[in-house]
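*Asks:* Mind having a look at this structure? Questions to follow.
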Amino acid sequence: MKLKPIPIGSEYYFEPTFLFKRKRNLFEFWLNYFKNYKLFFSGRDALRFLLKNLPENNFYLLPSYTCYEVIRPFEELKLNFDFYRICFSPEPEIDFDDILKKSRQKKNPVVIIIEYFGFPVNYELEIPFILDVSHSLLTLSRRNFKIKPLYIFGSLRKLLPLTDGGILFHEKYMKDEIKKENLKALLIKLSASLIRYFHNFAPEATEFLYSFAYNTLDRKFERELIKDRNFKKISAITNYLLKRIPYDFIIKKRRENFIFLLDNLKHEKITPLFNELPENVTPLNFPFFTDEKKRIKETLVKERIFPPTLWPYIPPVIEREKYPEIYRIPEKLLSLPCDHRYNLKHMEKILNVIKDV
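Under this note's numbering, think of the first position of the sequence shown as 2, with each following residue one higher.
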């Protein structure tokens with residue numbers, strides 16, 4: 002009987018070997034911008050905490066390409082916000098003219114900037130902004146900003162093998178209202194993460210548990226995050242791991258894998274979003290546009306290669322009539338995994354599966 006191959010591209014899992022790595026502070030680079038930072042249980046907690054500490058009369062401009070979890074705290078806190086246009090050609094670009102036009106119509110404008118897929122943004126305006134580095138936390142390159150961001154925040158789980166974690170970089174003192182970690186959510190996510198880890202060593206024996214982790218535990222974890230309205234602190238185990246994760250290795254592997262895919266993925270029906278990988282940029286994954294998304298994805302999944310899903314749908318609050326081009330993104334955007342768990346042989350396997358589609 003043919004054994005099932007180890008999956009490529011599933012969610013990160015807890016890696017016990019990281020418990021014994023040497024200490025290092027990932028945040029040294031970001032502390033060039035701000036003197037202080039706070040750690041939270043999630044990036045959502047970090048954003049909600051920040052918004053509750055900012056003036057209620059701010060007018061926020063959010064990117065038209067985002068997920069509902071970014072929008073949710075603005076709605077819950079009944080803040081004044083709108084969207085600005087993101088264009089894809091094929092890489093994502095900010096419509097600065099749209100920001101200027103909409104910011105002139107309101108008092109106290111603040112722009113939310115997302116650095117999609119790990120690629121840094123050159124912010125050309127002098128309108129105050131907040132930078133979301135959930136995709137670009139490991140992109141350790143100086144940004145060309147006309148002004149310094151008001152704050153920097155992000156999730157730690159998008160790029161790192163952690164069960165929880167969010168961060169907020171800030172300059173001035175901010176009153177600490179953070180409660181203890183969400184223990185129930187932590188235990189759920191840790192269970193799912195350990196199942197994925199052991200699945201690498203015994204895929205056949207743990208197949209049922211592996212499916213259970215995806216279909217049940219991950220959904221429970223997300224429900225717990227949404228349900229909990231308190232600001233929760235980062236878990237003790239994640240706080241410990243942050244000082245021991247081999248960031249240099251993770252950055253090196255992501256870059257190597259991305260460059261290999263970029264150099265060797267030659268397919269007439271695939272258009273990569275980025276045609277180069279600049280120095281010091283650490284990619285989230287390898288994104289591309291295709292009119293054959295469904296067929297390519299089905300072929301990959303059949304071979305147990307799971308394309309990372311960014312945002313499967315556009316939240317209805319982003320009106321289709323105003324931003325029709327954004328609604329086409331989920332229909333054509335697909336990504337390939339290129340994270341630290343994989344080497345060039347894994348990338349070659351991905352390419353071999355895709356080439357005949």
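Glycine included, C-beta positions come from ideal geometry on N, C-alpha and C.
Three Cβ pairs or more, each shorter than 8 angstroms: is that satisfied between the stretch 133-150 and the stretch 103-123?
*Replies:* Contact between the stretch 133-150 and the stretch 103-123 is present, because at least three Cβ pairs lie under 8 angstroms.
*Asks:* Buried or exposed for T67, please, with buried defined as at least 16 other CB atoms from any protein chain shown within 10 angstroms of its CB.
*Replies:* Looking at its Cβ environment, which holds 16 or more other Cβ atoms inside 10 Å, T67 is buried.
*Asks:* If you drop the 5 nearest sequence neighbours on each side, which residues of the same chain put their C-beta closer than 7 angstroms to that of V358?
*Replies:* Within the same chain, V358 has close Cβ partners E293, R296, I297 and T300.
*Asks:* Are the beta-carbon atoms of L63 and I113 separated by less than 8 angstroms?
*Replies:* Yes, the pair counts as a contact, with Cβ atoms nearer than the cut-off.
*Asks:* Is the distance from the Cβ of N109 to the Cβ of N54 below 8 angstroms?
*Replies:* Cβ atoms of N109 and N54: not closer than 8 angstroms.
*Asks:* Starting from the C-beta of Y324, find all residues in its chain whose C-beta is less than 6 angstroms away, skip the five residues before and the five after it, and write them out in chain order.
*Replies:* Result list for Y324: S65, in chain order.
*Asks:* Measuring CB atoms only, is the stretch 328-344 touching the stretch 255-275, in the sense that at least three cross pairs come out at less than 8 angstroms?
*Replies:* Enough Cβ pairs lie closer than 8 angstroms, so yes.
*Asks:* If you follow the beta strand (DSSP E) that P129 is in, where does it begin and where does it stop?
*Replies:* Looking at the DSSP string, P129 is not in any beta strand (DSSP E), and its letter there is neither H nor E.
*Asks:* Name the one or two DSSP bridge partners that H171 has.
*Replies:* In the DSSP output, where bridge partners are listed per residue, H171 has N37.
*Asks:* Who are the near neighbours of L263 in its chain, counting only those whose CB is closer than 7 angstroms to its CB and skipping five residues on each side?
*Replies:* The answer, listed in chain order, is P273 and L278.
*Asks:* Any chance the stretch 247-254 sits against the stretch 307-314, with 3 or more Cβ pairs inside 8 angstroms?
*Replies:* Contact fails: fewer than three Cβ-Cβ distances are below 8 angstroms.
*Asks:* Go to Y69, then tell me how far its alpha helix (DSSP H) extends in each direction, as first and last residue.
*Replies:* Residues Y69 to E77.
*Asks:* Just to confirm the assignment: which complete alpha helix (DSSP H) runs, minimum length 4, are found wholly within the stretch 81-128?
*Replies:* Qualifying alpha helix (DSSP H) stretches, in chain order: 97-104.
*Asks:* So, for I100: in the same chain, excluding its five sequence neighbours on each side, which residues have a beta-carbon less than 7 angstroms away from its beta-carbon?
*Replies:* L62, Y85, V112, L126 and I128, listed in sequence order.
*Asks:* In the DSSP assignment, find the beta strand (DSSP E) that holds L334 and state where it starts and stops.
*Replies:* L334 to L337 is the span of the beta strand (DSSP E), which, as asked, contains L334.
*Asks:* Quick check on the DSSP output: the beta strand (DSSP E) that includes F290 runs from which residue to which?
*Replies:* Taken as a continuous stretch (DSSP letters only), the beta strand (DSSP E) holding F290 covers F287 to F290.
*Asks:* Pick out whichever of E322, P93, F97 and L169 has its Cα sitting closest to the Cα of F41.
*Replies:* Closest by alpha carbon: L169.
*Asks:* Tell me the residue span of the beta strand (DSSP E) that contains F146.
*Replies:* Neither: F146 is in no beta strand (DSSP E) and is coded neither H nor E.
*Asks:* Measure the CB-CB distance between S142 and G44 and report whether it falls below 8 angstroms.
*Replies:* No. Outside cutoff.
*Asks:* Do you know how far the Cα of Y34 is from the Cα of L161?
*Replies:* Going from the Cα of L161 to the Cα of Y34 covers about 22 angstroms.
*Asks:* With G155 as the anchor, note down where its beta strand (DSSP E) starts and where it stops.
*Replies:* Element bounds for G155: Y152 to S156.
*Asks:* If you measure between the beta carbons of P284 and F118, is that distance less than 8 angstroms?
*Replies:* It is a contact, given that the beta carbons lie within the stated cut-off.
*Asks:* Once you ignore the five residues that flank P360 on each side, which residues in its own chain have a CB closer than 8 angstroms to its CB?
*Replies:* In the structure as shown, the chain starts at 2 and stops at 358, and residue 360 therefore has no counterpart that could be examined.
*Asks:* With a threshold of 7 angstroms on Cβ separation, who are the neighbours of K159 within its own chain once the five nearest residues in sequence on each side are excluded?
*Replies:* Excluding residues within five positions, the ones whose Cβ falls inside 7 angstroms are S135, H136 and L285.
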